[in-house]
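J.: Remember, this note's numbering sits 92 above the position in the sequence shown when you count from 1.
Ideal Cβ placement from N, Cα and C applies to all residues, glycine included.
These numbers were taken from a predicted model, which means no experiment stands behind them.
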Amino acid sequence: MTPGNMQGKVCLITGATSGIGLESARALARAGATVVLSGRDKGRGEAALAEVRRTVPDAKLDLLLADLTSLASVRQLAQDFQSRYPRLDVLLNNAGLVLDRRKVTPDGFEATFATNHLSHFLLTNLLLELLKASGPSRVVNVSSEGHRMGSLDFLDDPQAERGGYSGMKVYGNSKLANILFTRGLSKRLQGTKVTANSLHPGVVRTGFGLNAEGFFKHLVKLAAPFMLSAEGGARTSVYLAASPEVEGMSAKYFIKSKVARESKAAQSDEGAETLWRKSAELTGVGR
């Protein structure tokens, strides 16, 4: 990966202690950025810092702990970041979760929707003024081609409370939410020097999906030999975070570092606005 020169830039990455988040951190640190890794576990976080420094000895790194299933923890993450850094050039919303059984967060939200969408909606809005003040700056949202399994029907039941629970369907809805959020955010960023884009990283061989149980976890293990490496999966994230080629480009969806067409549902301005209103009500920001 050969991103642009990131000297003097500050990047915050969620879900950065393993997988494509870790490889994104490595690439951006190699390009000269100060990279703040966010993760839930202190031990894994410190191991991630050591791993990046192993290959990038002069890396400028920091670790902030946050549990994205908790909105209070997300608020603390935003507060901690702003207390340490006067600028934010790239917010890479990378953390993701898939479950095959319905679980509820301490806030009472369905866990996949809360982690994959609500946490990033809240974090982005809490850091938005800093992003604007640091412009030109970028928000990069890691979605998935799995968004094609989602439908706008989820907007009537975002907590997946009705009917039978399908982990893959709920995951697809959360990835659809990532793109709709990017769409709604880009609209609100018009006239600023902040851009927002989303991406599909590829089918990546990481620990993702291994938190699930039963058949899905078994399927992930079987498919692992045919998947991209974490480094390969990070390429489009790094491209959108650092490449001068996408300067000023916003509201786009990328695959393999190229603009791609998202699903029809993901192109819905009405859906984006409905999701924004619901998310604002649930998190108390973005109104």
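Do three or more CB pairs link the stretch 269 to 285 to the stretch 364 to 371 at distances below 8 Å?
T.: Touching, per the Cβ criterion.
J.: Distance check for Leu104 and Leu183, CA to CA, integer angstroms please.
T.: 5 Å
J.: Beta-carbon separation of Thr161 and Thr197 under 8 Å?
T.: yes
J.: Which stretch, first to last residue, makes up the beta strand (DSSP E) that contains Ser371?
T.: It is not in any beta strand (DSSP E) - Ser371 instead sits in the alpha helix (DSSP H) that spans 361 to 375.
J.: Please return the same chain residues whose Cβ sits closer than 7 Å to the Cβ of Ala372, not counting the five positions on each side in sequence.
T.: Closer than 7 Å at Cβ, skipping near neighbours: Gly378, Arg379.
J.: Have a look at Val144 and Ala333 and give me their C-alpha separation to the nearest angstrom.
T.: 18 Å
J.: Tell whether a beta-carbon distance below 8 Å holds between Leu223 and Val232.
T.: no
J.: How about Ala108 and Lys152: do their beta carbons lie closer than 8 Å?
T.: no
J.: Let's see if you can read the secondary structure: which residues bound the alpha helix (DSSP H) around Asp172?
T.: Asp172 -> alpha helix (DSSP H) spans 163 to 176.
J.: So, with DSSP's three-state summary, where would you put Val262?
T.: helix
J.: To the nearest angstrom, report how far apart Arg353 and Gly238 are at their CA atoms.
T.: 13 Å
J.: Would you list, in sequence order, the uninterrupted beta strand (DSSP E) runs of no fewer than 3 residues that lie entirely inside the stretch 170 to 244?
T.: 182 to 185, 229 to 234
J.: On the DSSP letters alone, give me the boundaries of the beta strand (DSSP E) that Gly137 sits inside.
T.: Per DSSP, Gly137 lies in no beta strand (DSSP E) segment; the continuous alpha helix (DSSP H) that holds it begins and ends at 134 to 147.
J.: Judging by CA-CA distance, which residue of Ile112, Asn97, Met98, Val102 is the nearest neighbour of Ser329?
T.: Ile112
J.: Within a Cβ cutoff of 7 Å, which residues of the same chain sit near Lys348, ignoring the five residues on either side of it in sequence?
T.: Thr328
J.: Any idea if Gly256 is buried or exposed, counting beta-carbon neighbours within 10 angstroms, 16 or more meaning buried?
T.: With fewer than 16 other Cβ atoms within 10 Å, it is exposed.
J.: If you draw a straight line from the C-alpha of Arg118 to the C-alpha of Arg254, how long is it?
T.: The alpha-carbon atoms of Arg118 and Arg254 are separated by roughly 42 Å.
J.: Go ahead and pull the three-state DSSP assignment for Tyr331.
T.: Collapsing the DSSP output to three states places Tyr331 in a helix.
J.: Give every residue of the same chain whose Cβ lies closer than 6 Å to the Cβ of Ala187, excluding the five residues on either side of it in the sequence, and list them in chain order.
T.: Thr106, Gly107, Leu160
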